[in-house]
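Residue numbers (this note's numbering): 3 to 231.
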(Lines of atoms letter the chains of each structure in order from A; the text may use other names.)
(Lines give C-alpha, C1' and ligand atoms only; values in the text may rest on other atoms or scores of the structure.)
Protein backbone atom coordinates (compact mmCIF):
# COMPACT_ATOMS: atom_id res chain seq x y z
CA UNK A 3 0.00 0.00 0.00
CA UNK A 4 2.88 2.35 0.76
CA UNK A 5 4.36 1.70 -2.69
CA UNK A 6 1.06 2.61 -4.32
CA UNK A 7 0.83 5.79 -2.30
CA UNK A 8 4.32 6.91 -3.26
CA UNK A 9 3.69 6.12 -6.92
CA UNK A 10 0.45 8.11 -6.89
CA UNK A 11 2.18 11.09 -5.29
CA UNK A 12 4.95 10.89 -7.87
CA UNK A 13 2.45 10.89 -10.73
CA UNK A 14 0.63 13.87 -9.25
CA UNK A 15 3.87 15.82 -8.92
CA UNK A 16 4.85 14.93 -12.49
CA UNK A 17 1.47 16.12 -13.74
CA UNK A 18 1.83 19.40 -11.85
CA UNK A 19 5.30 19.89 -13.30
CA UNK A 20 4.05 19.31 -16.84
CA UNK A 21 1.19 21.76 -16.35
CA UNK A 22 3.65 24.35 -15.02
CA UNK A 23 5.89 23.95 -18.04
CA UNK A 24 2.94 24.17 -20.40
CA UNK A 25 1.47 27.21 -18.64
CA UNK A 26 1.22 30.34 -20.77
CA UNK A 27 1.88 33.85 -19.54
CA UNK A 28 -1.31 35.89 -19.24
CA UNK A 29 0.17 39.27 -18.33
CA UNK A 30 3.37 41.28 -18.49
CA UNK A 31 4.04 42.28 -14.89
CA UNK A 32 6.51 45.10 -14.40
CA UNK A 33 9.40 44.01 -12.19
CA UNK A 34 8.33 40.35 -12.10
CA UNK A 35 10.39 37.40 -13.35
CA UNK A 36 9.52 36.55 -16.96
CA UNK A 37 9.66 32.90 -18.05
CA UNK A 38 9.92 31.44 -21.54
CA UNK A 39 7.68 28.65 -22.82
CA UNK A 40 10.01 26.05 -21.26
CA UNK A 41 9.53 27.59 -17.83
CA UNK A 42 13.06 29.02 -17.77
CA UNK A 43 13.84 32.65 -16.94
CA UNK A 44 14.21 34.78 -20.07
CA UNK A 45 17.77 35.97 -20.69
CA UNK A 46 17.81 38.68 -23.36
CA UNK A 47 19.26 41.81 -21.80
CA UNK A 48 19.50 45.08 -23.79
CA UNK A 49 17.60 43.44 -26.59
CA UNK A 50 16.20 44.31 -29.97
CA UNK A 51 12.88 43.01 -31.34
CA UNK A 52 12.06 42.49 -35.02
CA UNK A 53 8.95 41.11 -36.73
CA UNK A 54 8.86 38.89 -39.81
CA UNK A 55 5.61 37.44 -41.13
CA UNK A 56 3.46 36.88 -38.01
CA UNK A 57 6.29 36.23 -35.57
CA UNK A 58 8.34 38.53 -33.37
CA UNK A 59 11.98 37.75 -32.57
CA UNK A 60 13.76 39.08 -29.50
CA UNK A 61 17.57 39.21 -29.55
CA UNK A 62 19.37 39.92 -26.29
CA UNK A 63 22.49 39.38 -24.25
CA UNK A 64 22.79 36.12 -22.36
CA UNK A 65 23.37 37.26 -18.79
CA UNK A 66 22.64 34.41 -16.42
CA UNK A 67 24.15 34.43 -12.94
CA UNK A 68 26.09 31.22 -13.55
CA UNK A 69 27.93 32.68 -16.57
CA UNK A 70 31.30 34.10 -15.56
CA UNK A 71 32.44 35.30 -19.00
CA UNK A 72 32.04 38.95 -19.94
CA UNK A 73 30.39 37.84 -23.19
CA UNK A 74 28.62 34.47 -23.13
CA UNK A 75 26.37 34.86 -26.16
CA UNK A 76 23.36 36.47 -27.81
CA UNK A 77 20.09 34.60 -27.28
CA UNK A 78 17.05 34.74 -29.54
CA UNK A 79 13.40 34.09 -28.63
CA UNK A 80 10.27 33.96 -30.80
CA UNK A 81 6.66 34.94 -30.05
CA UNK A 82 3.39 35.54 -31.85
CA UNK A 83 1.85 37.61 -29.05
CA UNK A 84 4.81 39.46 -27.42
CA UNK A 85 3.89 37.70 -24.19
CA UNK A 86 4.92 34.06 -24.53
CA UNK A 87 8.46 33.57 -25.81
CA UNK A 88 10.07 30.38 -27.11
CA UNK A 89 13.83 29.98 -26.72
CA UNK A 90 15.26 29.56 -30.23
CA UNK A 91 18.81 29.09 -28.96
CA UNK A 92 22.08 30.97 -29.24
CA UNK A 93 22.13 33.39 -32.19
CA UNK A 94 25.77 34.39 -31.68
CA UNK A 95 28.40 32.64 -29.57
CA UNK A 96 31.81 33.86 -28.32
CA UNK A 97 34.88 33.14 -30.42
CA UNK A 98 38.08 33.22 -28.30
CA UNK A 99 40.85 35.41 -29.64
CA UNK A 100 38.50 37.65 -31.66
CA UNK A 101 36.59 40.88 -31.06
CA UNK A 102 33.67 38.75 -29.81
CA UNK A 103 35.71 36.64 -27.41
CA UNK A 104 34.46 35.75 -23.91
CA UNK A 105 36.62 38.57 -22.51
CA UNK A 106 34.95 41.18 -24.75
CA UNK A 107 31.76 43.24 -24.59
CA UNK A 108 29.03 42.38 -27.12
CA UNK A 109 25.73 44.13 -26.42
CA UNK A 110 22.57 45.81 -27.74
CA UNK A 111 21.96 43.37 -30.65
CA UNK A 112 19.69 44.39 -33.54
CA UNK A 113 18.71 42.18 -36.52
CA UNK A 114 17.62 43.33 -39.98
CA UNK A 115 16.86 41.45 -43.20
CA UNK A 116 18.70 42.35 -46.40
CA UNK A 117 16.45 41.59 -49.34
CA UNK A 118 19.04 41.63 -52.18
CA UNK A 119 21.31 39.10 -50.45
CA UNK A 120 18.50 37.23 -48.65
CA UNK A 121 20.57 37.50 -45.49
CA UNK A 122 19.82 38.40 -41.89
CA UNK A 123 22.35 40.84 -40.51
CA UNK A 124 22.96 41.17 -36.76
CA UNK A 125 24.44 44.45 -35.52
CA UNK A 126 25.80 45.06 -32.02
CA UNK A 127 28.00 47.31 -29.93
CA UNK A 128 31.48 45.78 -29.56
CA UNK A 129 34.04 46.81 -26.96
CA UNK A 130 36.62 45.76 -24.42
CA UNK A 131 36.06 45.51 -20.68
CA UNK A 132 36.92 49.18 -20.10
CA UNK A 133 34.82 50.48 -23.01
CA UNK A 134 37.90 51.87 -24.66
CA UNK A 135 37.35 50.57 -28.21
CA UNK A 136 33.83 51.89 -29.00
CA UNK A 137 33.11 49.81 -32.09
CA UNK A 138 30.18 48.39 -34.03
CA UNK A 139 30.00 44.71 -34.94
CA UNK A 140 28.29 42.67 -37.65
CA UNK A 141 27.35 39.00 -38.03
CA UNK A 142 25.25 37.32 -40.74
CA UNK A 143 22.98 34.31 -41.21
CA UNK A 144 20.60 32.93 -43.85
CA UNK A 145 18.14 32.25 -41.00
CA UNK A 146 16.71 34.77 -38.58
CA UNK A 147 17.44 32.57 -35.56
CA UNK A 148 21.00 31.85 -36.68
CA UNK A 149 23.50 30.74 -35.80
CA UNK A 150 25.13 33.95 -37.03
CA UNK A 151 28.62 34.02 -38.52
CA UNK A 152 30.81 36.80 -37.13
CA UNK A 153 32.07 39.15 -39.85
CA UNK A 154 33.85 42.15 -38.33
CA UNK A 155 33.92 45.03 -35.88
CA UNK A 156 34.85 48.59 -36.82
CA UNK A 157 34.64 52.22 -35.84
CA UNK A 158 32.02 53.65 -38.23
CA UNK A 159 33.56 56.08 -40.71
CA UNK A 160 36.66 56.11 -38.50
CA UNK A 161 34.88 57.46 -35.43
CA UNK A 162 33.80 55.93 -32.08
CA UNK A 163 30.37 54.41 -31.49
CA UNK A 164 28.62 54.05 -28.15
CA UNK A 165 24.98 52.93 -27.74
CA UNK A 166 23.51 51.55 -30.96
CA UNK A 167 20.05 51.46 -32.55
CA UNK A 168 18.92 50.27 -35.97
CA UNK A 169 15.98 51.31 -38.15
CA UNK A 170 14.79 49.97 -41.51
CA UNK A 171 12.72 52.44 -43.53
CA UNK A 172 10.35 50.71 -45.93
CA UNK A 173 8.39 53.68 -47.27
CA UNK A 174 10.19 56.92 -46.40
CA UNK A 175 7.69 57.96 -43.74
CA UNK A 176 10.29 58.53 -41.02
CA UNK A 177 12.03 61.23 -43.05
CA UNK A 178 8.79 63.03 -43.83
CA UNK A 179 7.63 62.97 -40.21
CA UNK A 180 10.97 64.09 -38.81
CA UNK A 181 11.17 66.98 -41.25
CA UNK A 182 14.56 65.86 -42.58
CA UNK A 183 13.16 65.73 -46.16
CA UNK A 184 15.22 62.70 -47.13
CA UNK A 185 12.40 60.42 -48.24
CA UNK A 186 12.97 60.63 -51.99
CA UNK A 187 16.67 59.86 -51.66
CA UNK A 188 16.65 57.21 -48.95
CA UNK A 189 13.34 55.34 -49.19
CA UNK A 190 13.96 51.69 -48.33
CA UNK A 191 17.30 52.35 -46.65
CA UNK A 192 18.41 51.12 -43.24
CA UNK A 193 20.04 53.36 -40.66
CA UNK A 194 22.16 53.13 -37.52
CA UNK A 195 21.65 55.62 -34.70
CA UNK A 196 24.46 55.92 -32.17
CA UNK A 197 26.44 58.35 -30.05
CA UNK A 198 30.12 59.03 -30.64
CA UNK A 199 30.84 59.03 -26.89
CA UNK A 200 29.10 59.09 -23.55
CA UNK A 201 30.48 62.18 -21.82
CA UNK A 202 27.66 64.59 -20.94
CA UNK A 203 27.58 67.53 -23.31
CA UNK A 204 30.69 66.31 -25.09
CA UNK A 205 29.30 63.95 -27.70
CA UNK A 206 26.98 63.94 -30.70
CA UNK A 207 24.30 61.50 -31.84
CA UNK A 208 24.53 60.41 -35.45
CA UNK A 209 22.20 58.82 -37.99
CA UNK A 210 24.19 56.91 -40.59
CA UNK A 211 22.93 55.04 -43.65
CA UNK A 212 24.07 51.45 -44.09
CA UNK A 213 25.61 50.17 -47.29
CA UNK A 214 23.72 48.01 -49.80
CA UNK A 215 24.27 44.70 -48.00
CA UNK A 216 23.91 46.18 -44.47
CA UNK A 217 27.40 45.17 -43.35
CA UNK A 218 28.88 48.66 -42.87
CA UNK A 219 27.89 52.32 -42.75
CA UNK A 220 28.07 54.48 -45.84
CA UNK A 221 27.49 58.07 -44.81
CA UNK A 222 26.20 60.33 -42.05
CA UNK A 223 22.76 61.66 -42.97
CA UNK A 224 22.09 63.68 -39.83
CA UNK A 225 23.89 64.77 -36.66
CA UNK A 226 22.31 65.81 -33.38
CA UNK A 227 25.05 68.01 -31.96
CA UNK A 228 25.80 68.09 -28.25
CA UNK A 229 23.99 64.82 -27.58
CA UNK A 230 20.55 66.43 -27.98
CA UNK A 231 17.74 64.52 -29.72
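C-beta: ideal position from N, C-alpha, C; glycine also.
Determine the burial state of residue 192: buried for a count of at least 16 other Cβ atoms within 10 Å of its Cβ, exposed for fewer.
buried
Determine the burial state of residue 50: buried for a count of at least 16 other Cβ atoms within 10 Å of its Cβ, exposed for fewer.
buried
My assumption, with CB atoms under 8 Å, is that residue 89 sits in contact with residue 40. Please give the rounded CB distance.
6 Å
Within 10 angstroms of its Cβ, does residue 214 collect 16 or more other Cβ (buried), or is it exposed?
exposed
Ignore the nearest five residues each way along the sequence and tell me which others in residue 130's own chain have a CB closer than 7 Å to its CB.
106 and 107
Cα-Cα, which of 146, 159 and 115 is closest to residue 219?
159
My understanding is that residue 82 touches residue 101, with C-beta atoms under 8 Å, so please give their C-beta distance in whole angstroms.
At roughly 35 Å, the Cβ-Cβ gap does not stay under 8 Å, so residue 82 and residue 101 are not in contact.
Measure the Cβ-Cβ separation of residue 172 and residue 113 and say whether it is below 7 Å.
no
Between 122, 226, 30 and 222, which lies nearest to residue 205 when the distance is taken from Cα to Cα?
226
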